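The next block holds one structure in the form of structure tokens; read it before the comments.
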Amino acid sequence: MAMLLGGTALAGWILFRSRGHETRDRTMTAERHDLMRSVDKMNIPAFDAMVGQLLVGLDAKRVKKFGHRKNDLGCNFVVTFTNGKRIIVRAKKDDKTLRRRNGNRHVQILGGEIKARWDCDAGVLITNANLHWMHHAARNEAVAHQLGVLIVDRDRLAEWIDTGIAPVELRPARAALQATSTNSSQ
0 MAMLLGGTAL AGWILFRSRG HETRDRTMTA ERHDLMRSVD KMNIPAFDAM
50 VGQLLVGLDA KRVKKFGHRK NDLGCNFVVT FTNGKRIIVR AKKDDKTLRR
100 RNGNRHVQIL GGEIKARWDC DAGVLITNAN LHWMHHAARN EAVAHQLGVL
150 IVDRDRLAEW IDTGIAPVEL RPARAALQAT STNSSQ
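So the sequence shown is residues 0 to 185, counted in numbering that gives the first Met the number 0.
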């Protein structure tokens, strides 16, 4: 009887611990955790420079930075690919408001600026914030997709930095941008 009760308690504890974002966090290696801790300690200009280096690695024709202003939503980069497609990339270092269910606002603002302000085909939000809750919530994912915004949050950013390989939606860039611009124009 004691073994049954102990086994049930252990199984309950394992199920409780494996729910939610802990599962995804545990899949990230210790090295990636250390890597992201160092990213968290970066100041805003260093974070922007790191994102700029990642974007240069996309093998784009041109990457142009538009400065980070105080009270801005983040640093903007316009990436022009050899096929003429352009994306606006917003680098937004986590300032604690992004995690407090405010990330959706950043996606909506970026989505509204893609064509109107930047004359681009798609948008990408790159942040060190954990937007896992938002990225996989059906409603918010639909909004991001509808607006033509790709979200590269903490886990995807850690993988990109660690491996040097951009998220699949940006490789090859031509196919991802064509699919995004087709979906957003419908």
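We treat Cβ as the ideally placed atom computed from N, Cα and C, and that holds for glycine. Keep in mind the model is a prediction, meaning the values are calculated, not measured.
With respect to the 8 Å criterion, Leu-156 and Ile-125 are classified as neighbours on the basis of their beta carbons. With 16 or more other CB atoms across the displayed protein chains lying within 10 angstroms of its CB, Phe-80 is buried. Between Thr-96 and the set Gly-110, Arg-116, Ala-128, Val-50, the nearest pair of CA atoms involves Ala-128. If you draw a 10 Å sphere on the C-beta of Asn-42, you find fewer than 16 other C-beta atoms in it, and that means exposed.
Annotation for Val-62: Gly-51, Leu-54, Val-55, Phe-76, Val-78 place their beta carbon closer than 7 Å to its own, counting only its chain and skipping 5 residues before and after. Here the alpha carbons of Asp-120 and Val-142 stand approximately 16 Å from one another. Nearest to Arg-116 by alpha-carbon distance, out of His-105, Asp-94, Arg-104, Ile-87, is Ile-87. For Gly-73, same chain residues with a beta-carbon under 6 Å away, outside a window of 5 residues either side, are Arg-89, Ala-90, Lys-91 in chain order.
Under the DSSP assignment, Lys-92 falls outside any alpha helix (DSSP H); it carries neither an H nor an E label. Excluding its 5 nearest sequence neighbours in each direction, Leu-146 has C-beta neighbours in its own chain below 8 Å: Val-106, Gln-107, Leu-109, Gly-110, Gly-111, Ile-113, Gly-122, Ser-183, listed in chain order.
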